[in-house]
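Chains as they are written, first to last, in this note's numbering: chain A, 1 to 702; chain B, 703 to 825; chain C, 826 to 1037.
For reference, the structure discussed in these notes is given below.
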Ligand code: HEM
Ligand SMILES: [Cu+2]
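What follows is the structure, given as structure tokens:
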């Protein structure tokens, strides 16, 4: 054994024994009961409806990018809820534990959460929200939409796509299981060093955190590779770079950011794990370690990561706003350039997260100026959206509401970011809840964009719209909650309240803490309406069914050319792209309903359970390492190697879908799209006399 | 799939292989690692000058191996790889360079100078 | 939209019937190259850590670079590694001609030479360990081992992969899948030489330059 840690170790179970299951903690006990009941219900329902085969064939082993995307989103939404519950618990603790006279329950001196438990909750909240909620949702959306927008049949590497997903799922599983077996890190989502070192956190919590994020970040790196290669190599004929939808531009930029920054994160946490498992001294305070080195490596990833999440959000806004303004996006070229520029600049600003480290003034000035430079391309984007709205025929459908509110949040979040980027201000508010308010403000931009995207693209994937009324209620409660909660939090930040505290010494802060609690109640109501929206929409799906490919009537990019719901082969025949907003162009020229004149065979990859098995091995590997069951880690590692090699020997021949069958399948779609109505666009109202006699397809010979 | 129907050995990336260039690069690589090694081992120059030589040789070798071994050029087959590589270079430089810079200023401002200049303990 | 070339909607081509699949091999190699670049970011992080921890304070009164590195031994490693790459290059020339034996011989050579590099490196580390220079000794040594061993771990993986590819070439011949994997392995194998240039220059040569 290279390192010392307290407690027993056995070869078979490692550090695991029955005491590690925290049944004595009533909160965890009841969570455990609830989660078990929920899981039992789901499993029971699947068994009762005999859906195991369906689940296995159509989802778990699927390589279809839409299926994988939906699973990503589902995973993200579930984790969003989990993270939200953590948030509720933190807010409630803080509002209960104000002042020395505040009572304590369940073993806490004040409030109901002892510090160690509170620490785990905020660490889990941050880790989950950024890495296992927002990131999977965004990757899921990109997974579904990017191939459709570029007219591809799938991602460049369908198999790798499934692998990325199952790795993310495995990592999520590790975070979740830490609730019930052992505990989670209490060192913050950033992994505050040297608190994460074995000497200060001898339990398994930090190990759960570190293996989960390492496995998850491998998954995200692979997903980024996939999206980049898909965009570079798989665009439909005719789709030149300047005809590519902006969402794809942001997906490209974000994936470049992800591809280049996630490895640094993996490296930082891997070095930490070496400290904890092999006794090295990278970040230890003694024997020559340097704990700021961890902070540095973490933020080299950490800042690009925040742009990793915000860029796709910008892309989503750029799709929603033109659709509901009934106008083309203003300033396409600058929008694309700004997306790339933001990705680029995001790489040179990371020190603004530790200005107070005490590097030289030259260093701080460099990073301060670089941080503010981000404002330029972001400003370009904001103006472009504003000019898109200007003189548009704006409709306030649910996606648009989310998008417009996101713009407002972007302004306040961006401005507070600028404030934080000035070292002089930063020294006074660093590590206060002002920072927390700032980044929640920005991450809410992402959240709003995601909710907008889900409402916007839902009919494309499932063939029916989400309910409008409940959707609007959810939106308004959510927005109100955002303003009330984070407004109070900004104020508390100005008053100097530190972040991550489980006990608040000053009763004068109580009113604002109550304000935050009110905000979280509004969020609770909003989440009730979100669940209700889903429920109502599924119940009334016949009524909400969309009969055309273009669910909103005014959408613009290529994905709206595919049927709703999108068939598994996406496009029966690959579209040829003629214009920047190809679907809008076809619609406005009355070409929307023109079908291909004959259908060719389609070649598709076969399903395979191997990605799922790889995910299972990764989970076992992480679990084995967390508990130092080295045999399990070794066995699962060997399992991974064997699966990879076996796959390389078993060439997937795929299967072919005959053209005649596609013709039949296509025939069931009744969608003759709405002929071009007058729209506010530049091509508004043009109804072309199209000559159907002219050949509409050609064999590419260039 | 039409590409699969074609002979994979005719793929342009397969056809990139050039025995003579591989061999030439090999020899140059050994020279450009051997020469600085020789200078360093025999202390032929001040540490700063030698360091400059080491860096220059490494940079030259990067270009040579990149061009003749990895074939990073702007031909139609290779240009995306080259572009990706060129885009990553600033990131490598920034990760290492900015980190080194910030810690250099940090160390000079926070560490006890005598400790920094103390002789190394021989083991 | 005004800046775009006008396409006459009456005659525009709307569907592409050519069912051209995308160039599978080029797509695969591009993705793998992107992976290699992301891997190089890990190496960059390790280099950054090495630079930060290559300081007297981080040696914790233990050995510093000058005591640890043996540039001459590293140079013999360099010769082995570059020769292994050259052998792989020979395999690629064989592939171009469709000569299965040449490919197998080249791969076999790369396998042996790569293995030789690993043995030499292992011997060097064993010597260091015998003198008490183990990663647990100090921050500096941790960073040194992490960087050099990360490169070494890649070679272990590469050697394994070469073995797998020899089996595939022997069994399956030059199918598209085998060919793209050989190309990917080429990128991987050549890239390790690339990274070794930096390890050799900035760890071994620069380490030997440390003044006392
Ligand atoms: C794009 C969306 C953004 C997101 C998601 C975001 C997220 C975050 C996060 C997560 C943190 C702190 C985390 C922590 O300390 O635990 C943070 C802090 C910070 N952000 Fe942002 N941010 C965004 C935009 C910006 C912008 C535009 C700027 C300024 C140009 C900025 C400047 C800062 C600064 C200076 C801090 C450090 C504050 C401190 O710790 O003292 N951010 N942000
Ligand atoms: Cu930042």
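Where a beta carbon is used, it is the ideal one built from N, C-alpha and C, also for glycine.
Since the structure is predicted, the reported quantities are computational estimates derived from the model, not experimental observations.
Any C-beta of chain B sitting closer than 8 Å to the C-beta of residue i?
{"i": "residue 584 of chain A", "result": "no"}
{"i": "residue 986 of chain C", "result": "no"}
{"i": "residue 1023 of chain C", "result": "yes"}
{"i": "residue 325 of chain A", "result": "no"}
{"i": "residue 967 of chain C", "result": "no"}
{"i": "residue 1004 of chain C", "result": "yes"}
Any beta-carbon of chain C closer than 8 Å to the one on residue i?
{"i": "residue 777 of chain B", "result": "no"}
{"i": "residue 605 of chain A", "result": "no"}
{"i": "residue 752 of chain B", "result": "yes"}
{"i": "residue 749 of chain B", "result": "yes"}
{"i": "residue 263 of chain A", "result": "yes"}
{"i": "residue 268 of chain A", "result": "yes"}
{"i": "residue 157 of chain A", "result": "yes"}
{"i": "residue 568 of chain A", "result": "no"}
{"i": "residue 738 of chain B", "result": "yes"}
{"i": "residue 511 of chain A", "result": "no"}
{"i": "residue 139 of chain A", "result": "no"}
{"i": "residue 661 of chain A", "result": "no"}
CB-CB under 7 Å to residue i, same chain, minus the five flanking residues each way: which ones, in chain order?
{"i": "residue 142 of chain A", "result": "227, 251 and 312"}
{"i": "residue 1014 of chain C", "result": "910, 913, 935 and 983"}
{"i": "residue 239 of chain A", "result": "150, 151 and 577"}
{"i": "residue 9 of chain A", "result": "15 and 628"}
{"i": "residue 146 of chain A", "result": "227, 230, 231, 248 and 251"}
{"i": "residue 176 of chain A", "result": "none"}
{"i": "residue 673 of chain A", "result": "Because residue 673 of chain A carries a pLDDT of 46, less than 50, the predicted location of this residue cannot be relied on, and no value is offered for it."}
{"i": "residue 488 of chain A", "result": "512, 515, 516 and 519"}
{"i": "residue 307 of chain A", "result": "257, 342, 343 and 346"}
{"i": "residue 722 of chain A", "result": "The displayed coordinates of chain A run from 1 to 702. Any statement about residue 722 of chain A would go beyond what the structure contains."}
Sort out for me which residues DSSP pairs residue i with in a bridge.
{"i": "residue 498 of chain A", "result": "A:432"}
{"i": "residue 282 of chain A", "result": "According to DSSP, which records beta bridges pairwise, residue 282 of chain A is partnered with nothing at all."}
{"i": "residue 464 of chain A", "result": "A:545"}
{"i": "residue 604 of chain A", "result": "A:655"}
Please report how far the alpha carbon of residue i lies from the alpha carbon of residue j, in whole angstroms.
{"i": "residue 29 of chain A", "j": "residue 35 of chain A", "result": "10 Å"}
{"i": "residue 686 of chain A", "j": "residue 789 of chain B", "result": "Any reading at residue 686 of chain A must be qualified, since the residue scores a pLDDT of 31, below 50, and its modelled position is unreliable; no value is offered."}
{"i": "residue 518 of chain A", "j": "residue 485 of chain A", "result": "7 Å"}
{"i": "residue 136 of chain A", "j": "residue 65 of chain A", "result": "14 Å"}
{"i": "residue 181 of chain A", "j": "residue 172 of chain A", "result": "14 Å"}
{"i": "residue 719 of chain B", "j": "residue 534 of chain A", "result": "57 Å"}
{"i": "residue 424 of chain A", "j": "residue 431 of chain A", "result": "14 Å"}
{"i": "residue 277 of chain A", "j": "residue 215 of chain A", "result": "17 Å"}
{"i": "residue 755 of chain B", "j": "residue 764 of chain B", "result": "14 Å"}
{"i": "residue 339 of chain A", "j": "residue 1007 of chain C", "result": "36 Å"}
{"i": "residue 369 of chain A", "j": "residue 421 of chain A", "result": "8 Å"}
{"i": "residue 558 of chain A", "j": "residue 315 of chain A", "result": "15 Å"}
{"i": "residue 604 of chain A", "j": "residue 222 of chain A", "result": "21 Å"}
{"i": "residue 681 of chain A", "j": "residue 317 of chain A", "result": "Unreliable placement is indicated for residue 681 of chain A, whose pLDDT of 34 sits below 50; the coordinate value is still reported in the next sentence. Approximately 18 Å between the Cα atoms of the pair."}
Could you tell me whether the Cβ of residue i comes closer than 8 Å to any Cβ of chain A?
{"i": "residue 711 of chain B", "result": "no"}
{"i": "residue 801 of chain B", "result": "yes"}
{"i": "residue 866 of chain C", "result": "yes"}
{"i": "residue 841 of chain C", "result": "yes"}
Give every residue of the same chain whose Cβ lies closer than 6 Å to the Cβ of residue i, excluding the five residues on either side of it in the sequence, and list them in chain order.
{"i": "residue 464 of chain A", "result": "541, 544 and 545"}
{"i": "residue 491 of chain A", "result": "512"}
{"i": "residue 89 of chain A", "result": "121"}
{"i": "residue 80 of chain A", "result": "133"}
Just to confirm my understanding: we take residue i, look at its own chain, exclude 5 residues before and 5 after, and list those with CB closer than 8 Å. What are they?
{"i": "residue 994 of chain C", "result": "925, 928, 929, 932, 1003 and 1007"}
{"i": "residue 203 of chain A", "result": "182 and 183"}
Alpha helix (DSSP H) runs wholly inside the segment 88-160 of chain A, at least 4 long, in chain order: If only uninterrupted alpha helix (DSSP H) runs of at least 4 residues are considered, those enclosed by the segment 88-160 of chain A are 115-127 and 135-149.
Inside the segment 32-80 of chain A only - beta strand (DSSP E) runs reaching at least 3 residues: Those beta strand (DSSP E) runs which fall completely within the segment 32-80 of chain A and span 3+ residues do not exist here.
Whole alpha helix (DSSP H) elements within the segment 194-273 of chain A, 4-residue minimum: For the segment 194-273 of chain A, the full-length alpha helix (DSSP H) segments reaching 4 residues or more read 205-233 along the chain.
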